[in-house]
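Before any comments, here is the structure.
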Amino acid sequence: MSMMGEFSFFLGMQVKQSKEGIFVCQTKYCNDILKKFEMEACKAATTPMSTNCYLDGDEAGPQVDQTKYKGLIGSLLYLMTSRPDIMFVVCLYARFQSCPKESHLKATKRILKYLKGTTSMGLWYPSHSLIHLVGYSDFAGCKLDRKSTSGIFHLLGSSLISSHSKNQACVALSTTEAEYIAARSCCTQILWFKQQLEDFGLKINKFPLLCDNTSAIIQTKNLVQHSRTRHIVIRHHFIRDHINNGDCQIKFVSTESQLADIFTKPLSKDKFYSLRNELGIIDMHALS
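Okay, here's the thing in structure tokens:
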């Protein structure tokens, strides 16, 4: 490594720094993907996934080039670094890499159509943001293997610092269990962030963890083992200890204010745009 002035470009990541904050995007990389897969002249889509799109294995459908499909998914996975708004759909379509069908490729190309109209978008980290840590957790069902999808992300002030959308390791027997598992995963990550902040001299106690399932919230505070919750693996119960120790506090958030929805399900245009703005994903030209 050598000193070459202010950091502005590295491995496809473009960084724009100012007194107001830092903007991170992958505009050039995004344009390269569109060119590579011959989608430069495509018509732009408003969202990366239609609300009535329900993909399955499509065993009877025509097969497509597996190498091409894997290359497309791999390119989009790296783009998620600055574009978490496509995380849910990319992770969903990545499940079909072993045997991709024409229907899967067609659905994946819609992501490219969405990127066509949003190449200059990226993550905005304002310099005046207050230092407080908050986590959001949510879940959604999956018809493919019946394993729920956990959507989790963390905000430091108003800046997105972590997010993921992935299948849970086990099949939940109730919505309470699925939400409880998602909250546990969110808690493990937020504890790590808390330790990192303490290394920088910032101590935060009782950080909020927001969840929209009241039954899961009650479960984290109830130390009595009931027959209906006996099947939940013991490792998921460690969130109770950290709540009792004052490390975090789980709070209820209404479904309308649940920002993690963007990581668990397809949304309408207005809802998608609203959550995208809340996560600090903005257009580069808006900073001018």
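Read in the numbering used here, the sequence shown has 467 at position 219, and its numbers run on one by one without any break. Glycine included, C-beta positions come from ideal geometry on N, C-alpha and C.
- Run of the alpha helix (DSSP H) containing His-352, from where it starts to where it stops: Position 104 of the sequence shown holds residue 352. That run of the alpha helix (DSSP H) goes 350-364.
query = In whole angstroms, what is the alpha-carbon distance linking Tyr-317 and Gly-309?
reply = Within the sequence shown, the letter at position 69 stands for residue 317. Within the sequence shown, the letter at position 61 stands for residue 309. In a straight line, the C-alpha of Tyr-317 is about 15 Å away from that of Gly-309.
* Leaving out five residues before and five after Phe-401 in sequence, what residues of the same chain have Cβ atoms less than 8 Å from its Cβ? -> Here residue 401 refers to the residue found at position 153 when the sequence shown is read from its first residue. Contacts found: Pro-332, Gly-383, Tyr-384, Leu-408, Ser-410, Ser-411, His-412, Leu-507, Ala-508, Phe-511 and Leu-527.
Quiz item: Is it right to say Tyr-362 is buried, meaning 16 or more other beta carbons lie within 10 angstroms of its own, or is it exposed?
Solution: For this step, residue 362 is matched to residue 114 along the sequence shown. Counting Cβ neighbours within 10 Å, Tyr-362 comes out buried, since at least 16 surround it.
Given this structure, state the Cα-to-Cα distance separating Leu-282 from Asp-460, to the nearest angstrom.
Working through the sequence shown from its first residue, we reach residue 282 at position 34. Working through the sequence shown from its first residue, we reach residue 460 at position 212. Their backbone Cα atoms lie some 37 Å apart in a straight line.
* Straight-line gap, Glu-254 to Leu-445 (C-alpha atoms, nearest Å) -> Here residue 254 refers to the residue found at position 6 when the sequence shown is read from its first residue. Here residue 445 refers to the residue found at position 197 when the sequence shown is read from its first residue. Roughly 25 Å separates the two Cα atoms.
query = Per the contact definition of three or more C-beta pairs closer than 8 Å, is the region 270-284 in contact with the region 332-342?
reply = Not touching, per the Cβ criterion.
| Residues near Leu-458 in its chain [Cβ-Cβ closer than 6 Å; skip 5 each side] | Sequence index remark: in the sequence shown, residue 458 carries index 210 (1-based). Closer than 6 Å at Cβ, skipping near neighbours: Tyr-384, Lys-499 and Val-501.
request  = Could you check how far apart the C-beta atoms of Asp-386 and Ala-430 are, in whole angstroms? I think they sit under 8 Å.
outcome  = Here residue 386 corresponds to residue number 138 of the sequence shown, with the count starting at 1. Here residue 430 corresponds to residue number 182 of the sequence shown, with the count starting at 1. Contact between Asp-386 and Ala-430 holds: CB atoms are separated by about 6 Å, below the 8 Å threshold.
(message) Using a Cβ-Cβ cutoff of less than 8 Å, which residues in the same chain neighbour Ile-491 once the five nearest sequence positions on both sides are dropped?
(response) On the sequence shown, position 243 is the one that residue 491 refers to. Excluding positions up to five away in sequence, the list reads Thr-468, Lys-469, Gln-497 and Ile-498.
* Which word fits Trp-372, buried or exposed, when buried means at least 16 other C-beta atoms lie within 10 angstroms of its C-beta? -> Position 124 of the sequence shown, counting from 1, holds the residue named residue 372. Buried: at least 16 other Cβ atoms inside 10 Å.
Applying the criterion that 16 or more other CB atoms from any shown protein chain within 10 Å of the CB defines a buried residue, is Thr-356 buried or exposed? As a first step, residue 356 must be located in the sequence shown, where it is residue number 108. Burial call: buried.
(request) With a cut-off of 8 Å on the beta carbons, I'd call Thr-379 and Leu-404 a contact; round off their distance for me. (result) If you number the sequence shown from 1, residue 379 lands on position 131. If you number the sequence shown from 1, residue 404 lands on position 156. Rather than Thr, the amino acid found at residue 379 in this sequence is Ile. Correct: roughly 7 Å between the Cβ atoms.
Cβ-Cβ separation, Ser-330 to Met-287 (assumed contact under 8 Å), whole Å
Position 39 of the sequence shown, counting from 1, holds the residue named residue 287. Position 82 of the sequence shown, counting from 1, holds the residue named residue 330. At roughly 19 Å, the Cβ-Cβ gap does not stay under 8 Å, so Met-287 and Ser-330 are not in contact.
Taking its Cβ as the centre, do 16 or more other Cβ atoms sit within 10 Å of Ile-465, making it buried, or is it exposed? If you number the sequence shown from 1, residue 465 lands on position 217. Buried is the call here.
Review point. Once you ignore the five residues that flank Ala-293 on each side, which residues in its own chain have a CB closer than 6 Å to its CB?
Key: As a first step, residue 293 must be located in the sequence shown, where it is residue number 45. Excluding positions up to five away in sequence, the list reads Arg-358, Lys-361 and Tyr-362.
inquiry  = Rounded to whole angstroms, what is the Cα-Cα separation between Lys-364 and Lys-276?
reply    = In the sequence shown, counting from the first residue as 1, residue 364 sits at position 116. In the sequence shown, counting from the first residue as 1, residue 276 sits at position 28. Those two C-alpha atoms are separated by around 12 Å.
Which residues bound the beta strand (DSSP E) around Lys-499? Looking up residue 499 in the sequence shown gives position 251. Where Lys-499 is concerned, the enclosing beta strand (DSSP E) stretches over 496-500.
inquiry  = Are the CB atoms of Gln-265 and Leu-327 within a distance shorter than 7 Å?
reply    = Your numbering for residue 327 matches position 79 in the sequence shown. Your numbering for residue 265 matches position 17 in the sequence shown. Cβ atoms of Leu-327 and Gln-265: not closer than 7 Å.
| message | For a test of the three-state rule: what should DSSP assign to Lys-318, helix, strand or coil? | response | For the purposes of this step, residue 318 is taken as residue 70 along the sequence shown, with counting starting at 1. If DSSP states are grouped into helix, strand and coil, Lys-318 belongs with the helices.
So, helix, strand or coil for Leu-208, using DSSP?
As shown, the chain starts at 249 and ends at 536. That puts residue 208 outside it, with no answer to give.
On the CB-based measure, 16 or more other CB atoms within 10 Å of its CB, does Ala-426 come out buried or exposed?
Within the sequence shown, the letter at position 178 stands for residue 426. Buried, since its Cβ has 16 or more Cβ neighbours within 10 Å.
Opposing strand residues paired with Met-261 [DSSP bridges]:
Stepping through the sequence shown from its first residue, residue 261 is reached at position 13. Its beta-bridge partners are Phe-258.
Within 10 Å of its beta-carbon, does Lys-513 have 16 or more other beta-carbons around it, so buried, or fewer, so exposed?
The residue given as residue 513 occupies position 265 in the sequence shown. By the 10 Å Cβ count, Lys-513 comes out buried.
Practice task
Take the Cβ of Leu-515 as the centre, count every other Cβ of all protein chains shown within 10 Å, and call the residue buried at 16 or more, exposed below.
Solution key: On the sequence shown, residue 515 is found 267 positions in, with the first residue counted as 1. By the neighbour-count criterion, in which 16 or more other beta carbons inside 10 Å mark a residue as buried, Leu-515 falls on the buried side.
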